[in-house]
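full-length UniProt numbering numbers the first residue of the sequence shown as 1 and each following residue consecutively. Backbone N, C-alpha and C fix where the C-beta goes; we use that ideal spot for every residue, glycine too. Working notes, structure below.
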Amino acid sequence: MVVGAGLAGVRSVEALRARGFGGRITMIGEERHRPYDRPPLSKAVLLGGTDSTVVDSDLDALEVDFRAGVAAKGLHPGVVETTEGELDYDGLVVATGARPIRLRGDGPQHVLRTIDDALGLRSLLGPGRRVAVVGAGWIGAEVATAARRAGCAVTVVEAAATPLAAALGEIGAHTVPWYAEAGVDLRLGTMVASVDHGGLTLADGSAIEADVVVTGVGVRPAVEWLAGSGIRLDDGVVTDEHLNTSLPGVVAVGDCAAWWSRRYGLRLRVEHWDTALGAPDVAAATLVGDAAVYDPVPYFWSEQFGHMVQYAGHHDGARPIRRGDPSAQGKPRWGTCWVDAGDRLVAVLAVNRPRDLVQGRRLIEGGQRLDVERLADPAIALRDCTAA
Numbered sequence: 001m002v003v004g005a006g007l008a009g010v011r012s013v014e015a016l017r018a019r020g021f022g023g024r025i026t027m028i029g030e031e032r033h034r035p036y037d038r039p040p041l042s043k044a045v046l047l048g049g050t051d052s053t054v055v056d057s058d059l060d061a062l063e064v065d066f067r068a069g070v071a072a073k074g075l076h077p078g079v080v081e082t083t084e085g086e087l088d089y090d091g092l093v094v095a096t097g098a099r100p101i102r103l104r105g106d107g108p109q110h111v112l113r114t115i116d117d118a119l120g121l122r123s124l125l126g127p128g129r130r131v132a133v134v135g136a137g138w139i140g141a142e143v144a145t146a147a148r149r150a151g152c153a154v155t156v157v158e159a160a161a162t163p164l165a166a167a168l169g170e171i172g173a174h175t176v177p178w179y180a181e182a183g184v185d186l187r188l189g190t191m192v193a194s195v196d197h198g199g200l201t202l203a204d205g206s207a208i209e210a211d212v213v214v215t216g217v218g219v220r221p222a223v224e225w226l227a228g229s230g231i232r233l234d235d236g237v238v239t240d241e242h243l244n245t246s247l248p249g250v251v252a253v254g255d256c257a258a259w260w261s262r263r264y265g266l267r268l269r270v271e272h273w274d275t276a277l278g279a280p281d282v283a284a285a286t287l288v289g290d291a292a293v294y295d296p297v298p299y300f301w302s303e304q305f306g307h308m309v310q311y312a313g314h315h316d317g318a319r320p321i322r323r324g325d326p327s328a329q330g331k332p333r334w335g336t337c338w339v340d341a342g343d344r345l346v347a348v349l350a351v352n353r354p355r356d357l358v359q360g361r362r363l364i365e366g367g368q369r370l371d372v373e374r375l376a377d378p379a380i381a382l383r384d385c386t387a388a
């Protein structure tokens with residue numbers, strides 16, 4: 001049984017069949033849609049490029065009993081409680097993803113997690129509409145980009161001192177000029193007290209008037225249905241490097257899974273498309289008794305204000321080395337590499353430098369020691385920065 005019908009869920013079905021599992025597979029999904037991709041929601045869908053992001057997968061050929069509009073309510077060994085009654089399983093994939101965090105207040109606030117969210121929000125964007133976006137993270141920046149292209153007057157409110165603070169720390173400050181260039185009113189170090197009818201009330205008592213409020217302050221793993229099941233929970237479903245949970249015969253994948261990374265020596269939970277794409281093969285291998293380890297170099301990308309931003313790795317505790325000048329005229333091409341105490345690359349940020357991302361990811365996987373001085377020279381390809 002697969003609980004969750006997003007990309008991670010449908011890829012789990014495909015992986016089970018690819019590994020020769022010929023038994024019955026049931027997949028349930030809370031939404032009343034066929035499985036679809038989420039990254040385009042804040043990009044192509046919100047910008048009006050498409051109305052659908054359905055995953056290219058033939059569920060009939062996979063012989064999966066797909067039940068849309070069915071949610072999991074609880075779990076006991078061998079049984080999932082759902083809104084349509086109990087369903088038995090021999091092996092279980094938990095792929096329930098995450099839910100957006102909402103702010104206090106009785107005013108209408110929009111989030112961006114589902115296709116319905118994206119289409120509903122898109123219908124509200126247009127010339128002269130006042131849009132307030134709470135949060136200058138990845139989603140907030142992409143929503144602001146789409147709203148400005150639609151002709152809206154946009155204000156972005158961020159509690160931290162820089163955009164992308166949670167993901168990039170102080171390096172996120174280099175994206176501040178992008179907001180002004182796009183005509184977006186960016187307010188940093190600003191706390192929201194509540195979402196009210198007509199806009200936002202800030203912590204200092206002042207207000208921001210808005211026709212549309214979008215909240216983009218993060219998500220929480222959708223694992224409340226697992227309370228009391230015996231599965232260990234800690235910022236998601238805790239798994240080992242094989243994606244096993246603490247309950248036999250149960251694995252977890254995608255946004256809800258906090259897996260052990262051998263590469264970084266800690267537990268990671270990564271809320272990005274690449275994780276949902278890659279983890280299911282390891283989870284399926286584990287369920288059918290094959291040997292497999294999940295230890296990727298995490299990767300994600302974002303398009304904001306005309307810039308392509310890509311990141312791979314995990315940089316906590318590492319030393320940053322900048323490549324290129326973020327303040328260069330035109331469309332600056334720059335990035336940051338993070339190295340550990342042994343001068344090995346652990347993460348790379350590439351802004352309008354796609355080759356750095358591709359080469360950097362390979363260097364992280366290879367674990368070679370680098371020449372830090374060459375690394376800081378943007379004219380030298382990353383692949384040519386290995387130490388002698």
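- Distance from the CA atom of ARG361 to the CA atom of LEU345, rounded to whole angstroms, is 9 Å.
- In the three-state reduction of the DSSP assignment, GLU63 falls in the coil class, being assigned neither a helical nor a strand state.
- With contacts defined by Cβ atoms closer than 9 Å, VAL253 and ALA95 form a contacting pair.
- At least 9 Å separates the beta-carbon of ALA173 from that of ALA166.
- The C-alpha of TYR311 lies about 40 Å from the C-alpha of LEU87.
- The beta carbon of TYR264 lies closer than 8 Å to those of HIS314, VAL346 in the same chain, with the five residues before and after it left out.
- A direct Cα-Cα distance of roughly 14 Å separates THR83 from PHE66.
- Taken in chain order, the complete beta strand (DSSP E) segments of 3 or more residues contained in the segment 122-158 are 130-134, 153-157.
- Taking the C-beta atoms as reference points, MET1 is found no nearer than 9 Å to LEU59.
- ILE364 sits in a helix when the DSSP states are folded into three classes.
- Counting C-beta pairs closer than 8 Å gives fewer than three between the segment 110-118 and the segment 13-25, which falls short of the contact rule.
- In this structure, the beta-carbon distance from VAL293 to VAL282 falls below 9 Å.
- The continuous stretches of beta strand (DSSP E) do not include VAL372, which lies in the alpha helix (DSSP H) extending over residues 372-375.
- With the rule of 3 Cβ pairs closer than 8 Å, the segment 222-232 does not count as touching the segment 194-212.
- Remark: fewer than three beta-carbon pairs, one from each stretch, lie closer than 8 Å, so the segment 146-161 and the segment 339-358 are not flagged as touching.
- GLY205 places its beta carbon less than 9 Å from that of ALA193.
- The alpha helix (DSSP H) runs lying completely inside the segment 261-344 and spanning 4 residues or more are 273-288, given in chain order.
- Assigned with DSSP and collapsed to three states, ALA222 falls in coil, not helix or strand.
- Residue state for GLY199 is assigned as strand, using DSSP reduced to three classes.
- In the assembly as shown, LYS331 is an exposed residue. Its beta-carbon has fewer than 16 other beta-carbons within 10 Å.
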